[in-house]
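Chemist:
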Amino acid sequence: RNEVISFVRSGLDDLSVSRTTLDWGIPVPGHPGHVMYVWIDALNNYVTATGVLSNDDNERLRFWPCNVHVIGKDIIRFHAIYWPAMLLSAGIPLPAIVLVHGFLTVNGAKISKSKGNVIDPLALVDQYGAEALRYYLLRKVPTTADGDFSEGELRQSYDSELANQLGNLLNRTVRMIERYHAGAIPTPHAQTALEEVLMQTAVQVAAQVEAELHEFALHKATAAIWTLVSAANKYVVDVAPWNLAQARANGDDQAAQRLATTLYTTAEALRLIAELLRPFLPLTAAAIAQQLGSALAREGAWPAALQWGLLTPGISVQAEATLFPKAHIGAAK
Numbered sequence: 008r009n010e011v012i013s014f015v016r017s018g019l020d021d022l023s024v025s026r027t028t029l030d031w032g033i034p035v036p037g038h039p040g041h042v043m044y045v046w047i048d049a050l051n052n053y054v055t056a057t058g059v060l061s062n063d064d065n066e067r068l069r070f071w072p073c074n075v076h077v078i079g080k081d082i083i084r085f086h087a088i089y090w091p092a093m094l095l096s097a098g099i100p101l102p103a104i105v106l107v108h109g110f111l112t113v114n115g116a117k118i119s120k121s122k123g124n125v126i127d128p129l130a131l132v133d134q135y136g137a138e139a140l141r142y143y144l145l146r147k148v149p150t151t152a153d154g155d156f157s158e159g160e161l162r163q164s165y166d167s168e169l170a171n172q173l174g175n176l177l178n179r180t181v182r183m184i185e186r187y188h189a190g191a192i193p194t195p196h197a198q199t200a201l202e203e204v205l206m207q208t209a210v211q212v213a214a215q216v217e218a219e220l221h222e223f224a225l226h227k228a229t230a231a232i233w234t235l236v237s238a239a240n241k242y243v244v245d246v247a248p249w250n251l252a253q254a255r256a257n258g259d260d261q262a263a264q265r266l267a268t269t270l271y272t273t274a275e276a277l278r279l280i281a282e283l284l285r286p287f288l289p290l291t292a293a294a295i296a297q298q299l300g301s302a303l304a305r306e307g308a309w310p311a312a313l314q315w316g317l318l319t320p321g322i323s324v325q326a327e328a329t330l331f332p333k334a335h336i337g338a339a340k
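Structure (structure tokens):
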């Protein structure tokens, strides 16, 4: 923002839209020897490719006006000065927001072929999976700032946050429901302070995620979701459903009700985690919902789908392959 304001305040000169020093490019009609300046050519692709100039209203309005135009920080001038001028001259609405993201470095160094530190994203996907790589970049790299990539940190993120925290939470919740409640989501009974704390955490996290998304703070939104993941794991440890199951087996009816409540509460927390993860890790979110025997809400259902207590008692859980299995991960470089 400051760079753009400074450039404008320094005074704007006329912009030549053609070049005569190149023997390649799009010819300028009526001006032999002239080709279009590459940025005039390139920027116009946004409106031609999206049908902005179409006579069909449905086609024209499908992608434009643009709510958010995402660009890299090295092309700010072209998108925040030249491009708006072109749109204004053509009577086309401007993007509401131009969102500028930073660059990635690798282990603190600029990515360069000469340095030999270029990272092949497809190789990382083959080793860790697209969801794990997406999570790492979303969680560790601020949207509008530079970020540093480290495969060691990616591996740690996979092991600690995805496998140990999220994957383990889902796996043991579904397995406990299968073992202790015939594979069906229990009907909850009276809540204690432990359930109230987790429920309030879920409500607060849902509100925070929505707020962070409006600010494009994707790293803060994913961090907030993991606050709920951690809280749900702590809840399981605190209530110790395995002890309640043992007490139920010994004829303790109160323990039986507490067990049903704790299993429902943990499953409901996972349902909310899946809903919150949907914009970030869609395949993971769908896998969680499927194992819970539930389904993600339709698109656009937020914030209604983020209310507590929407998981239906009686539906059957479906234990499947472990999320983010460690055995499938090779040694990090």
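Take any residue in the sequence shown, note its place counting from 1, add 7, and you have its number in the working numbering. Cβ atoms here follow ideal geometry from the backbone N, Cα and C, with glycine treated the same way. From a predicted model like this one, the values you see are computed outputs, not experimental measurements.
1. Are the CB atoms of I82 and F14 within a distance shorter than 8 Å?
2. Using a Cβ-Cβ cut-off of 7 Å (strictly less than) and excluding sequence neighbours within five positions of K340, which residues of its own chain qualify?
3. Fully enclosed by the segment 244–319, which beta strand (DSSP E) runs are 3 residues long or longer?
4. Sort L284, T27, L251 and H41 by Cα distance to T268 and report the nearest one.
5. Excluding five sequence neighbours on each side, which residues of the same chain lie with their C-beta closer than 8 Å to the C-beta of T229?
6. Let me know if R8 comes out buried or exposed under the rule of 16 or more other beta-carbons within 10 Å of its beta-carbon.
7. Compare the beta carbon distance of A92 and L176 with 8 Å and say whether it is the shorter of the two.
8. Taking A102 as the reference, give the member of T272, V54 and D133 with the closest Cα.
9. Please classify H86: is it buried, with 16 or more other beta-carbons within 10 angstroms of its beta-carbon, or exposed?
10. So, at 7 Å on beta carbons, what are the nonlocal neighbours of A326 in its own chain, with the 5 sequence-adjacent residues on each side left out?
11. Compare the C-beta of L176 against all C-beta atoms of chain C and say whether one is closer than 8 Å.
12. What does a CB cutoff of less than 8 Å around T319 pick up in its chain, not counting 5 residues either side in sequence?
13. Tell me whether G123 counts as near the ligand GTP, meaning its Cβ is closer than 7 Å to at least one heavy atom of that ligand.
14. Consult DSSP for G174 and reduce its assignment to one of helix, strand or coil.
15. Helix, strand or coil: which one does DSSP assign to K122?
16. When we look at the beta-carbon of S23 and count the other beta-carbons within 10 Å, is it buried (16 or more) or exposed?
17. Measuring straight from C-alpha to C-alpha, what distance separates A213 and V244?
18. Less than 8 Å between the C-beta atoms of V35 and I78, yes or no?
19. My output table needs one value for I78: the three-state DSSP class, helix, strand or coil.
20. Would you kindly work out how many angstroms separate the C-alpha atoms of T57 and D64, rounded to a whole number?
21. Would E217 and W309 qualify as a contact pair, given that the criterion is a beta-carbon distance under 8 Å?
22. Could you check the C-alpha separation between Y242 and K80 for me, to the nearest Å?
23. Using the three-state DSSP reduction, which class does T208 fall into: helix, strand or coil?
24. Since V236 contacts Q172 with CB under 8 Å, what's their CB separation in whole angstroms?
25. Take I232 as the anchor and find which of L270, L313 and A263 has the nearest alpha-carbon.
Modeler: Let me spell this out:
1. In the sequence shown, the residue the question calls residue 14 occupies position 7. In the sequence shown, the residue the question calls residue 82 occupies position 75. Not a contact, by the Cβ cut-off of 8 Å.
2. Your numbering for residue 340 matches position 333 in the sequence shown. Low confidence applies to K340: its pLDDT is 43, below 50, so where it sits in the model is not reliable, and the reading given next is rough at best. Residues of the same chain with a CB within less than 7 Å of the CB of K340, apart from the 5 flanking positions on each side, are E158 in chain order.
3. Within the segment 244–319, no run of beta strand (DSSP E) at least 3 residues long lies entirely inside it.
4. The residue given as residue 268 occupies position 261 in the sequence shown. Nearest option by C-alpha distance: L251.
5. Translated into the one-based positions of the sequence shown, residue 229 becomes position 222. Taken in chain order, the residues that qualify are Y142, L145, R146 and F287.
6. Position 1 of the sequence shown, counting from 1, holds the residue named residue 8. Classification of R8: exposed, given that the 10 Å Cβ count is below 16.
7. In the sequence shown, the residue the question calls residue 92 occupies position 85. In the sequence shown, the residue the question calls residue 176 occupies position 169. For A92 and L176, no; Cβs fall outside 8 Å.
8. Here residue 102 is taken as the residue at index 95 of the sequence shown, counted from 1. Correcting the residue type first, residue 102 is Pro in the shown sequence and not Ala. Closest by alpha carbon: V54.
9. As a working mapping, residue 86 is identified with position 79 in the sequence shown. Around the beta carbon of H86, a 10 Å sphere encloses 16 or more other beta carbons of the protein chains shown; the residue is thus reported as buried.
10. By 1-based counting over the sequence shown, the position of residue 326 is 319. If we look at A326 and ignore the five residues flanking it on each side, its Cβ neighbours are V181, R182, E185 and Q298.
11. Structure shown: chain C not included; a single protein chain is present.
12. Residue numbering aside, residue 319 sits at position 312 when the sequence shown is read from its first letter. Close CB contacts of T319 within its chain, under the 8 Å cut and outside five residues either way in sequence, are with I192 and S301 (chain order).
13. Within the structure as shown, the ligand GTP is missing, as the structure has no ligands at all.
14. By 1-based counting over the sequence shown, the position of residue 174 is 167. Residue state, collapsed to three classes: helix.
15. The count along the sequence shown starts at 1 and reaches residue 122 at position 115. Three-state DSSP puts K122 in coil, outside helix and strand.
16. Here the question's residue 23 lines up with position 16 in the sequence shown. It is exposed - the Cβ of S23 has fewer than 16 other Cβ atoms within 10 Å.
17. The residue labelled residue 213 in the question sits at position 206 within the sequence shown. The residue labelled residue 244 in the question sits at position 237 within the sequence shown. Roughly 23 Å between the two C-alpha positions.
18. Against the sequence shown, residue 35 aligns to sequence position 28. Against the sequence shown, residue 78 aligns to sequence position 71. The criterion of a C-beta distance shorter than 8 Å is not satisfied by V35 and I78.
19. Taking the sequence shown and counting its residues from 1, the one referred to as residue 78 is at position 71. In the three-state scheme derived from DSSP, where H, G and I count as helix and E and B as strand, I78 is classed as strand.
20. For the purposes of this step, residue 57 is taken as the residue at position 50 of the sequence shown. For the purposes of this step, residue 64 is taken as the residue at position 57 of the sequence shown. Put simply, the backbone Cα of T57 is about 12 Å away from that of D64.
21. Walking along the sequence shown from the start, residue 217 turns up at place 210. Walking along the sequence shown from the start, residue 309 turns up at place 302. Their beta carbons are under 8 Å apart, which means E217 touches W309 by this criterion.
22. The count along the sequence shown starts at 1 and reaches residue 242 at position 235. The count along the sequence shown starts at 1 and reaches residue 80 at position 73. If you take the alpha carbons of Y242 and K80, they lie about 43 Å apart.
23. The residue given as residue 208 occupies position 201 in the sequence shown. In the three-state reduction of the DSSP assignment, T208 falls in the helix class.
24. For the purposes of this step, residue 236 is taken as residue 229 along the sequence shown, with counting starting at 1. For the purposes of this step, residue 172 is taken as residue 165 along the sequence shown, with counting starting at 1. Q172 and V236 do touch by the CB rule: their CB atoms are close to 5 Å apart, below 8 Å.
25. Here residue 232 is taken as the residue at index 225 of the sequence shown, counted from 1. Residue L313 is the option with its Cα nearest to I232.
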